[in-house]
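Have a look at the structure below before the remarks.
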Amino acid sequence: MSSDRPGRPADVVPEGEDPRAPGSAADTGPIRRSGGRAERRREEAAKKGSLIRELPVLLLIAFVLALLVKTFLVQAFFIPSGSMERTLHGCPGCTGDRVLVNKVPYWFGQPEPGDIVVFEGPESWSPEVDVQEPGNALSGGLLWLGRAIGVAPPSEDDYVKRVIATGGQTVQCCDGEGRVTVDGEPLDEPYVFENTPLESRAFGPVTVPEGRLWVMGDHRSASADSKAHMGDENSGTVAVDDVIGRAALIVWPLDRFGTLGSPDIQGTEAAGNPARPMPVSGAAAVAAPYAMGLVGAVPLAAWRRRRRRSRSG
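Quick note: the sequence shown, position 305, residue 307 per this note's numbering, numbers continuous.
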């Protein structure tokens, strides 16, 4: 299309002339404006496509970081046995609770009486559940992943019990009312379910070695705990170093969602000792690994995009 001003190229705009004015040299009519909108749409589509391509990478990074958080900070565990009923199972014979185990408290201290702990049992302990370990690498990797997020049965070597006595304390049963005692003082144990019959309840005394723990299940008549292994070389005690963490929260089933406290079973707070901090709990504890993973993944994904742009530019 030729200019209506002879002697001047169509793409040259005289000084002082508004290039947007109708009839000016820069006025290309509706065709040029339509082309600009199409170009903007192409750019927006390209940005959306780039985001979609980045999303799987972002999610993968977040998931890996979440697994790292679970490995070192908190971890979900599947509870297949009834040895902690009804603290971890709301009805007789029910199993399968998922609990969140907090590993941080034992970075700076040791397990205390009343804590519910997950630990790796001594070789002399018989498994409470029969778990068929996979025979190939793929199945083994899937099982490891399931255990990491708390949807697969734990290893046969993993146990969950309540700490009754710690290093240097002497534990035995029973006093005149059939209660377990530590250093001669009866324990306050309102959580006990279906206690062992009185005529077979007696044991000890056992002095717990330093660096070890005496542990028992809340379902006393159905728990293969320290009492059941008094004949081994460690008199039924377990090593503090074998403790994985403290059970802090029931996360499944949802109708039992709630915290797991550490009651003062020995009355140490009443004796003037300071109260111990409670476990990390609540919905924030459940979401923390994934939130931290996502927070860590965002800057990594942004860095990858900047690096790719700089290379293409």
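Note that CB positions come from ideal geometry on N, CA and C, so glycine has one too.
Beta-bridge analysis with DSSP links residue 175 to 182, 205.
Cβ-Cβ distances below 6 Å link residue 172 to 185, 207, 209 in the same chain, with the five nearest sequence neighbours on each side left out; the list follows chain order. Out of 252, 226, 229, 217, the CA that lies nearest to the CA of residue 114 is found in 217. Looking at the DSSP output, residue 102 bridges to 78, 251.
Exposure of residue 66 is indicated by the presence of fewer than 16 other C-beta atoms within 10 angstroms of its C-beta. Annotated three-state conformation of residue 234 is coil, per DSSP. The shortest CA-to-CA distance from residue 165 to any of 175, 125, 195, 116 is the one to 116. Only residues of its own chain outside the window of five on either side were considered, and among them 116, 117 have a CB closer than 6 Å to the CB of residue 264, listed in chain order. Residue pairing by DSSP puts residue 261 in a beta bridge opposite 251. By the Cβ neighbour-count rule, residue 248 is buried, with 16 or more other Cβ atoms within 10 Å of its own.
Distance from the CA atom of residue 79 to the CA atom of residue 243, rounded to whole angstroms, is 19 Å. Using a Cβ distance threshold of 8 Å, residue 194 and residue 81 do not count as a contacting pair. Residue 120 has 162, 247 as its beta-bridge partners, per DSSP.
Per DSSP, reduced to three states, the secondary structure at residue 109 is helical. In the DSSP assignment, residue 189 falls outside any beta strand (DSSP E) and carries neither an H nor an E. In the assembly as shown, residue 128 is an exposed residue. Its beta-carbon has fewer than 16 other beta-carbons within 10 Å. Shown here, residue 139 sits in a helix according to DSSP, grouped into three states. In summary, residue 62 is exposed, with fewer than 16 beta-carbon neighbours lying within 10 Å of its beta-carbon over all protein chains present. Taken atom to atom, the span from the alpha-carbon of residue 107 to that of residue 39 is near 59 Å.
DSSP places residue 241 within a strand segment (E or B) once states are collapsed to three. Ranked by Cα distance from residue 181, the options 90, 87, 267 are led by 267. Annotated as distal: residue 160 and residue 119, with beta-carbon spacing of 8 Å or more. DSSP lists 195 as the beta-bridge partner residues of residue 221. With respect to residue 197, residue 124 sits apart: the two C-beta atoms are not nearer than 8 Å. The Cβ atoms of residue 100 and residue 254 sit closer than 8 Å to each other. Rounded to the nearest whole angstrom, the CA to CA distance from residue 211 to residue 203 is 22 Å. Using a 10 angstroms sphere on the CB of residue 130, the tally of other CB atoms reaches 16 or more, which defines it as buried. Cβ contact annotation for residue 112 (same chain, cutoff 6 Å, sequence separation greater than five): 242, in chain order. Rounded to the nearest angstrom, the gap between the Cα atoms of residue 58 and residue 105 is 30 Å.
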